[in-house]
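Worksheet for the structure shown next.
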Amino acid sequence: MAPENTKREDTCPGKKKTLDVQSLDAKALDLAAVREEIASTSGPEYWRSLEELAGSDEFREMMHREFPKGASEWLDSFSRRGFLQTMGASLALAGMTACTRQPLEQIVPYVRQPEDMIPGRPQFYASATTLGGYASPVLVESHMGRPTKIEGNPDHPASLGASDIFAQASLLNMYDPDRSQTPVYLGETRSWKNFVDQIRTRMAGQRAVEGEGFRLLTGPISSPTLANQIQALLKMYPKAKWHQYSPLHRDNVLAGSMLAFGQAVETQYRLEAADVILSLDADFLSPSFPGSARYTHDYAARRNPDAAMNRLYVVESVPSPTGVKAEHRLSLRASEVEGFARSLAASLGLGGNAADSHFLRAVADDFKAHAGSCVVIAGEQQSPEVHALAHAINAHLGNVGKTVVYTDTVLANPVDQTASLRDLTQDLREKKVDVLVILDANPVYDAPADLNFADVVLNSGAGLRLHYGLHQNETAELCQWHVNAAHSLEAWSDGRTYDGSVCIIQPLIAPLYDGKSAHELVAALMGQSTLTGHDILRSYWQGQAKSSDFETWWRKTVHDGFVAGTAHPAKAVTPKAGLPPLKAAAAADASTIEVSFRGDPAIYDGSFANNGWMQELPKPMSKMTWDNPAWIGPAYAARTGLKSEDMVTLEIAGRSVQVPVWIQAGHPDNAITVFLGYGRRRVGRVGNGAGFNLYAVRSSDAPWRTTAKITPLAQTYKLASTQGYQTIETATITRPVIREGSLAEYKKKPNFAQEMEETPERNVTLYPNVDYSDPNYNKLGYAWGMTVDLGACVGCNACMIACHSENNIPVVGKPQVVVGRHMHWIRVDAYYQGDRDNPSASFQPVPCMQCENAPCELVCPVGATVHSSEGLNDMVYNRCIGTRYCSNNCPYKVRRFNFLLFQDWETPQFKMMRNPDVSIRSRGVMEKCTYCVQRITVARIDSEREERAIRDGEIQTACQQACPSNAIVFGNVNDPQSKVSKLKAQARNYSMLAELNTRPRTTYLAEVRNPNPQLESAEHAGVDSAVEQG
Amino acid sequence: MSTDPTIALAEEDREIPVLEPGHDMASVTAKISDIVLERPLSIAWVAGVMFCSGIVLMLGTAVTYLFFKGTGIWGINIPVGWGFAIVNFVWWIGIGHAGTLISAILHLLRQSWRNSINRFAEAMTLFAVMCAGLFPLIHTGRPWLAYWMFPIPNTMSYWPQFRSPLLWDVFAVSTYGTISLVFWYTGLIPDLATLRDRASNKYIRLIYGALAMGWRGEARHWERYESAYLLLAGLSTPLVLSVHTVVSFDFAISIMPGWHTTVFPPYFVAGAIYSGFAMVLILVIPVRAVYNLRDMITEKHLDIAAKVMLATGLIVAYGYILEIYMAWYAGPKSIDWFTVHNRFFGPYAGPYWMLWVCNIITPQVLWIKSIRRSPVLLFLISLVVLGGMWLERFVIIILSLHRDFVPSSWGMYYPTKWDWMTYIGTLGLFTTMIFLFCRVLPMISIFEIRMLLPESHVKHAAESHAPAAQLEGKHL
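These protein sequence lines are chains Y and H, in that order. Position 710 of the first sequence, counted from 1, bears residue number 1330 in this note's numbering, the numbering being contiguous throughout. Position 78 of the second sequence, counted from 1, bears residue number 1448 in this note's numbering, the numbering being contiguous throughout.
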């Protein structure tokens, strides 16, 4: 460190950029050499070569330093250390409320320890992640300057502390070793400066023609700053055009809003006020639905049978967690949903003809009885007419302002994205485009197939095609220039959540590869390449802030993570009179095969394809990992003889793709559902070649549903489902591991769940009973326990990714999942029941039960798993020799074994990502859920230092913290006042496999559903029989 | 009726003696020791050793790769945490049981027909225990730390967890291995001295001389030998019952359906003897043909071994039926009934019903005397029984684990090529040892065969000559 110190002594903190230029150049050259070596290997062999390159001395050194040699001395960015120093200093200055001081942009050696910076203690910074343009407010845990975990921001109403899989997993996206690391020109590594020089001349040419040939393509944008910048850009190049495209667009939502109101409005739901909810193909409990964290919270809050329960009806074409959680589910093909909506509107008195059905009558009656406290939610994939009908019904029943709120749009400039991309393609085809800037979009991969985007862009003759993004992906391949993006954890930005409030995105770490933020790139397009993202953001908000003391306001805003008072106010809009006109081809012929397109539940539109956590995350319904088989219904499978894992050719409008099928319970007949986002060719070592690319058969005029022809192929394809097809729907569950009943049943006999199985007496044991409340045995008096509310759990998997991230759980890869070696410490089991064509299902998160009589402990020959005085079933990794006997004897099968060296010990990025509080397990060692013992320990140390007991709620396990429905509660069961004790005292609390006398500390609250008595007898025979079984 | 065990045979068996007539002290000694000392090295033997040690090399490859990569090269997973390794372990340990039974229990019961096959059976025991002992070591995730299962005083503060049946296994198997070795070696000493005395080559004489530990055949030696041998037989006898009982505790102590069964200890012991006798027959039948030992290992021996198999096979069948009965008794909603149902109709129904065919149905032909005395058929039936006993362990381990309490965690187990290589590799190791044993040590106890000769029984000369003469007459 000494040379660095002396070099920087003369660097006055007040001045910027006073470093010795010569030494900078010398180092930059070194850097360039290393980078060149990396980049020179680009091409198809790129990543394999990177691994080889990782063995070279230069690369190792580069990674050892975390930044390329010289990067930490650069001036146009601040180093991690510098960043930490300044962030720490700001904390010191502003105490608890400040982590907001503007980072000084010079490098000061880290000679004094900032006051609040304690090695080993994490710090938390408020920020946000974005998905499809919508921001999620988060808190990011930072260990010594390395972000290690993403959690929800409890202060923000869109999160309330919860987060979703996408927010959690974006951490791994940042550390993705396959990210693009440099700007690239025609396959050659270039510097940002070189890029700026080139773009300057090019843009000067455009300026002369007022941007005639300049096109900007972005994804959906909610960032006010970026939108403002783009507006300024368009002012500078008045004839330029801004296109937006994201494959999972919300065009139909927008069109529905235009149809109903003649203007674009955002629809928000107030589910806490809704007694009756009807979803028309809307999977509003799944994390890709904007606002789902809050919706799930509000929905789950009304699932308590001791309070007023809500009731959910779902009419859907693709089985979803929302659908199987519903009290009543109607399985229709996508094209038939509109007919249902019209009938419902008619039976509610909105005009038109009602097709009569039992289900429809029941819903209509329920709605009439709950006018003003019910809500209809239309799905993003449903036609604009369905949205308009939903608006009309909500208005008719007086729900607007109560359960439905209309506001301004969250996206800065909502457009019909399909049309927007079509226009761009047209311009490209007509060779009107000279400069094409693609900002964080991947149209070559995900544009509708009929637009032939790849050919068009190649033959467009555009003199400059620029791709900006995290990966050198399929689109980057066809562009002359590629600029590596900074991840949202590396750069300043902002974005709006589903309610319109603005979150400030602050960087947690200096860009790993010196990537640029979108703000900086757009600024460069305007010739302002010297502006930093921070300057741009701050100056924008300086203009917006209403406070006279901007500095204080800004600090508070950045600290809180969001701009107070920016949530959109409710907007008074009235739907146009009358129902939307019937389109001719609304309902398809019953005999044709209807195909529905959906984003993948885990890897979204393909942007998470290189994220191992997401690839290995079992999808909520099928528990499928690493692949996207097409779903068919049991009836269709029975008729055609197709089996899961059979390959078929799917032919849509002259284009065809081969894809395996999966029989999904609850899927309608004569329909097939395909998932987008897989089959990526160029994304990285994880995602390349996984699954099947269904964009290849998606067309721009029918993005969500069309008709298809299915031809079976005489081949099969191995799929990796973590819960076998037979077991997911098994009829032979001899013991009710899932317990549920109807509300009426619960009222009659609240402890129905406990009576399903006999619980042995405490004294029926040869061994002395341990008394965990005995102070001689358990000195501190804590006895940790957990409850999981099955009624609240919606199977969103947030807990699984949170656990992955918190506990450094390795990703094992598809072949290992196929043989049954996935490593999830907590899993979410799905149990279907009832009719296979229209089942209900329960989701059961299963962490370690922390049995008081743990069968695993008894059988370990070396005492590697032992009990703590606080009742935890501890795993001593160092002592484990790997006999696997404990796992064999675990009735819950929650133990996970490192059959091979699953953990990546080599990749430097992953070393930075890991939680330093949790050991990295090597091969041959058993591991399992610890109740986040590291968090318990931190709380215990804190409490002992402060000479107090650990407060209830002070410890949150990672799964509990992430859970949007508050289904998981953790605490001290010795304290009768703790939340977990109160839940365990409830009548519907039961232990899984209690009859084995394992005395699990993790217990479940039985699911109670609130069926409509009008429909109950017909549909819930399955549920009743399950109850009777006990 | 005579009390001499040599001829104290049931009426029907009297026609075949345990030692064919025509031998005297010298011919017995010469015949057995010449196999070691005089018989020229045959091409077939060399080829056999080379083939089998080739398989040992394969075992070496499989184990080396295992240590290099980890147990993930096998087909095990969660929920099936134990696969071929433990199946093979239990199988091999079971095979070993026949040796101890023959040498110890039958010795105590003065069943002198055992004299012809006890050496062979003991060697088999030892080699089988070696093969078995390999598996618990290599099946651990971190085999270099497997020594932590032993209570070795150390500075690392580890100490075994004595409630674990795996630890009991460690003691049971190591005790068994040690006692078997000592027992076998003690029994070898007089014969080693014989070889020393008969060897013409100086170096061979030196080697056997060292191994014979100065045996001179004095009366004092014999007196001490007899008491030591008797004591060791007494020590080994409980081991015959205890070792496989402890092995069965690995399963019976757990709470898994299909494992948690009190019938396991007796049924495991019976099964062990069952497979052990099958293995004895598989080895003895070709050996007596190749080395022309039909006069010392007679059809009488085959007949007795077949009867033991039939008896123990029926005990095993009782165990199977009892398991089904207990599950039925527990009720149709019990997990035990589900486990049985899953065995009957689940994805592994094939191996389960094969087990019935191999272990229960096929051996019923042993009720027929002519089959019991047909070496070829017995050899085939023994192969079937050994396969059946292997399947039994497969059924117990894999079928119980693959579907247990929580349906979401059900899985399947498919062995990989490494599983097969390791299994077949231990077969190679076993046969290599048997090949070497046949060439370098007297495979039949010389002095004990001599004790079967009429001239060894001076006291009973008058009685014993009568049937011998009868048989002799018939033979002529």
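All residues carry an ideal CB built from backbone N, CA and C; glycine is no exception.
- If you ignore the 5 residues before and after residue 1632 (chain Y), its C-beta comes within less than 7 Å of the C-beta of 931, 947, 948, 982 and 986, all in its own chain and listed in chain order.
- Non-local C-beta neighbours of residue 1450 (chain H) in its own chain, meaning closer than 7 Å and more than five positions away in sequence, comprise 1768, 1771, 1772, 1781 and 1783, ordered along the chain.
- For residue 1551 (chain Y), no pairing in a beta bridge is given by DSSP.
- Counting C-beta atoms within 10 angstroms of its own C-beta, residue 978 (chain Y) has fewer than 16 neighbours from the protein chains shown and is therefore classed as exposed.
- Not one beta carbon of chain H lies nearer than 8 Å to the beta carbon of residue 1429 (chain Y).
- Ranked by Cα distance from residue 1079 (chain Y), the options Y:784, Y:1323, Y:1365 and Y:1056 are led by Y:1056.
- Secondary structure note for residue 1656 (chain H): it is in no beta strand (DSSP E), and the uninterrupted alpha helix (DSSP H) holding it is 1634-1660.
- In this structure, residue 1189 (chain Y) and residue 1027 (chain Y) form a Cβ contact; the two beta carbons are roughly 7 Å apart against a cut-off of 8 Å.
- Between the stretch 1745-1763 of chain H and the stretch 1648-1656 of chain H there are three or more inter-stretch CB-CB distances shorter than 8 Å, so the stretches are counted as touching.
- Taking a 10 Å sphere around the C-beta of residue 1383 (chain Y), we find fewer than 16 other C-beta atoms and assign the residue as exposed.
- Chain-order list of chain H residues neighbouring residue 1507 (chain Y): 1448, 1449 and 1451, by C-beta distance under 8 Å.
- For the 8 Å CB-CB criterion, residue 1103 (chain Y) and residue 797 (chain Y) do not form a contact.
- Within the stretch 1440-1518 of chain Y, the runs of beta strand (DSSP E) that reach at least 3 residues and sit entirely inside it are, in chain order, 1447-1453, 1460-1466, 1485-1487 and 1493-1495.
- Close partners of residue 1519 (chain H) in chain Y (Cβ separation under 9 Å): 1481, 1482, 1501 and 1503.
- Of all alpha-carbon atoms in Y:1385, Y:1093, Y:1261 and Y:970, the one lying nearest the alpha-carbon of residue 1307 (chain Y) is that of Y:1093.
- The beta carbon of residue 1661 (chain H) sits closer than 6 Å to those of 1405, all from its chain and outside the five residues before and after it, given in chain order.
- Annotation: residue 1729 (chain H) to residue 1389 (chain H) spans about 31 Å, alpha carbon to alpha carbon.
- Here the alpha carbon of residue 1047 (chain Y) sits roughly 26 Å from the alpha carbon of residue 1272 (chain Y).
- Listed in chain order, the positions of the stretch 1542-1570 of chain H with a beta carbon within less than 8 Å of a beta carbon of chain Y would be empty, since no residue qualifies.
- Residue-level contact check: residue 1463 (chain Y) does not touch chain H, since none of the beta carbons of chain H fall below 8 Å from its beta carbon.
- Counting every other CB atom within 10 Å of its CB across the protein chains shown gives residue 1703 (chain H) a total below 16, marking it as exposed.
- Within the stretch 1469-1498 of chain Y, those residues whose Cβ lies closer than 7 Å to any Cβ of chain H are, in chain order, 1475, 1478, 1479, 1480, 1481, 1482 and 1483.
- If you look at residue 851 (chain Y), you'll find it in the alpha helix (DSSP H) that goes 844-856.
- Annotation: residue 1475 (chain H) to residue 1609 (chain H) spans about 10 Å, alpha carbon to alpha carbon.
- The beta carbon of residue 1257 (chain Y) lies closer than 6 Å to those of 1283 in the same chain, with the five residues before and after it left out.
- A Cβ-Cβ contact shorter than 8 Å links residue 1528 (chain H) with residue 1499 (chain Y).
- Within chain H, 1439, 1440, 1441, 1442 and 1443 have C-beta atoms less than 9 Å from the C-beta of residue 1520 (chain Y), given in sequence order.
- Using beta-carbon distances, residue 1610 (chain Y) does not count as an interface residue toward chain H, since no partner is under 8 Å.
- DSSP assignment within the stretch 1524-1562 of chain H yields no whole alpha helix (DSSP H) run of 4 residues or more.
- In this structure the stretch 1619-1626 of chain H does not touch the stretch 1431-1444 of chain H; the number of beta carbon pairs closer than 8 Å is below three.
- Judged by their CB atoms, residue 1270 (chain Y) and residue 1296 (chain Y) are not nearer to each other than the 8 Å cut-off.
- In this structure the stretch 1654-1670 of chain H lies against the stretch 1809-1816 of chain H, because at least three pairs of beta carbons, one per stretch, are closer than 8 Å.
- In the three-state scheme derived from DSSP, where H, G and I count as helix and E and B as strand, residue 1467 (chain H) is classed as helix.
- Taking every protein chain shown into account, the CB of residue 829 (chain Y) has fewer than 16 other CB atoms within 10 angstroms, so this residue is exposed.
- Straight-line spacing of the CA atoms in residue 912 (chain Y) and residue 889 (chain Y) works out to 10 Å.
- A Cβ-Cβ separation of about 30 Å leaves residue 1428 (chain Y) out of contact with residue 1358 (chain Y) under the 8 Å criterion.
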